[in-house]
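Have a look at the structure below before the remarks.
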Amino acid sequence: MDEARPRLAAVLGNPISHSKSPRMHNYWLKQNKLNGYYIPIKVELEDFEQTIRALVCMGFSGVNVTIPYKLSALEIADESSRTAQYIGAANTLTFTKENKIYADNTDAYGFINNIKGKYPDWNPKKGTSVVLGAGGASRAVIAALLSEGSEKIIVLNRTIEKAEALKKDYDNKITVESWKNINEVAASSSNIINTTSLGMNDETFIAINPKAIPKKALVSDLVYTPLETNLLKMAKNRGSRTVDGLGMLIHQGIPGFEAWFGQKPLVTEELREILIK
Ligand code: ATR
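Every position in the sequence shown, counted from 1, becomes a number in the working numbering once 236 is added.
The structure is reproduced here in structure tokens:
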């Protein structure tokens, strides 16, 4: 590789203007004094594959992909990680020297490492984990918990059929419960994880009895606008440990940055502040 030439990466999605990834990766490039650029690219569905192939030809090191291209990204890849195959979606593509596309999903990594970064003694093996939601984010969280050896995972979703489908995809390694049992299920849990969009912008909220949140539980919310969702507020008031969604967003970006730019970036308070703005 010509070291004088800047290394290039991007994030593809539609819409894309809301993405925090360019701010994050460009912060890391500057912090590590690396010669590179990370740009947002809005792309239409019919142009997705062609755009990726063009970026490969242009010498990009790789890309992130976000909504709605996580499934297509996995499909067009030449090779993919086991995690991406398990989740059925990819968010990180790396282009090899031979111009091949390697797909990974770093959401599971981001979820686990964010919690461990804040609570190093957290043991995902122990107790019951209650996962709210059965969409793409839920799949990544469940893959992460399973790979960490969690003993019991219970999924609750508004549309129970989606949770049942997810259970089938995960070889019946999880249990499905009705959303209306949220209080009973939560009361005996060690981990509660919200992967739904409930709580976003304080427009909706999770209807759970605060007393159903065990003090010993770790409560994690993937929503990061606001940083302290109604679920996290309740958990904090109960004295439970809480983890917000911004950390997962930051941590999921680490493997891609390292693969494309050759340095493992740091998660700093300054970065969190830049991303909250
Ligand atoms: P993501 O990739 O972020 O997981 P998604 O695949 O669209 O996004 O999934 C969104 C999740 O939030 C789903 O579990 C969805 O529940 P349904 O499967 O019933 O749609 C959940 N969700 C969104 N709005 C909700 C609401 N108002 N009440 C309960 N669950 C909601």
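Using N, Cα and C, we set each Cβ at its ideal position, and we do this for glycine too.
Just so it is clear, the structure is predicted and the values come from calculations on it, not from any experiment.
Are residue 311 and residue 338 closer than 8 Å when you measure CB to CB?
-> Along the sequence shown, read from residue 1 onward, the residue named residue 311 stands at position 75. Along the sequence shown, read from residue 1 onward, the residue named residue 338 stands at position 102. Taking 8 Å as the cut-off, the beta carbon of residue 311 is found no closer than this to the beta carbon of residue 338.
Determine the direct distance from the alpha carbon of residue 506 to that of residue 397, and round the result to whole angstroms.
-> As a position in the sequence shown, residue 397 is number 161, starting the count at 1. As a position in the sequence shown, residue 506 is number 270, starting the count at 1. Spanning the two alpha carbons is a distance of roughly 42 Å.
Report the three-state DSSP secondary structure of residue 405 (helix, strand or coil).
-> Position 169 of the sequence shown holds residue 405. Three-state result, residue 405: helix.
Per DSSP, what kind of secondary structure is residue 455 in: helix, strand or coil?
-> As a working mapping, residue 455 is identified with position 219 in the sequence shown. In the structure shown, residue 455 sits in a strand (DSSP, three-state: E or B).
Of all residues in the structure, which have a C-beta closer than 6 Å to any heavy atom of the ligand ATR, taken in chain order?
-> After applying the 6 Å Cβ criterion, the set is 369, 370, 371, 372, 373, 374, 393, 394, 395, 398, 431, 432, 433, 434 and 440.
Under the three-state reduction of DSSP, which class applies to residue 493: helix, strand or coil?
-> In the sequence shown, residue 493 corresponds to position 257, counting from 1. Looking at residue 493 - three-state DSSP - the assignment turns out to be helix.
Distance, Cα to Cα, residue 297 vs residue 243?
-> On the sequence shown, position 61 is the one that residue 297 refers to. On the sequence shown, position 7 is the one that residue 243 refers to. Distance between the alpha carbons of residue 297 and residue 243: 6 Å.
Can you grab the Cα-Cα spacing for the pair residue 425 / residue 378, in whole Å?
-> Along the sequence shown, read from residue 1 onward, the residue named residue 425 stands at position 189. Along the sequence shown, read from residue 1 onward, the residue named residue 378 stands at position 142. Their Cα atoms are separated by approximately 15 Å.
Same chain only: Cβ atoms within 8 Å of residue 554, ignoring 5 sequence neighbours per side | Outside the shown range of the chain, which is 237 to 513, sits residue 554, and nothing can be said about it.
The beta strand (DSSP E) enclosing residue 292, as first and last residue numbers | Position 56 of the sequence shown, counted from the first residue, corresponds to residue 292. From DSSP, residue 292 is part of no beta strand (DSSP E) but of the alpha helix (DSSP H) over 284 to 293.
Length at least 3, wholly inside the region 262 to 344: the beta strand (DSSP E) runs in chain order | The region 262 to 344 contains these whole beta strand (DSSP E) runs: 272 to 278, 298 to 301, 328 to 331 and 337 to 340.
CA-CA distance, residue 349 and residue 483?
-> The residue given as residue 349 occupies position 113 in the sequence shown. The residue given as residue 483 occupies position 247 in the sequence shown. Their backbone Cα atoms lie some 9 Å apart in a straight line.
Residue 445: which of 302, 418 and 427 sits nearest, CA to CA?
-> Reading the sequence shown from its first residue, position 209 is the one you call residue 445. When only C-alpha atoms are compared, the closest one is 418.
Span of the beta strand (DSSP E) around residue 393 = Your numbering for residue 393 matches position 157 in the sequence shown. Per DSSP, the unbroken beta strand (DSSP E) holding residue 393 starts and ends at 388 to 393.
Measuring alpha carbon to alpha carbon, tell me which of 336, 362, 299 and 305 ends up nearest residue 387.
-> Translated into the one-based positions of the sequence shown, residue 387 becomes position 151. Taking only the C-alpha atoms, the option nearest residue 387 is 362.
Short check: CB of residue 393 to CB of residue 370, under 8 Å?
-> Here residue 393 corresponds to residue number 157 of the sequence shown, with the count starting at 1. Here residue 370 corresponds to residue number 134 of the sequence shown, with the count starting at 1. Their beta carbons are under 8 Å apart, which means residue 393 touches residue 370 by this criterion.
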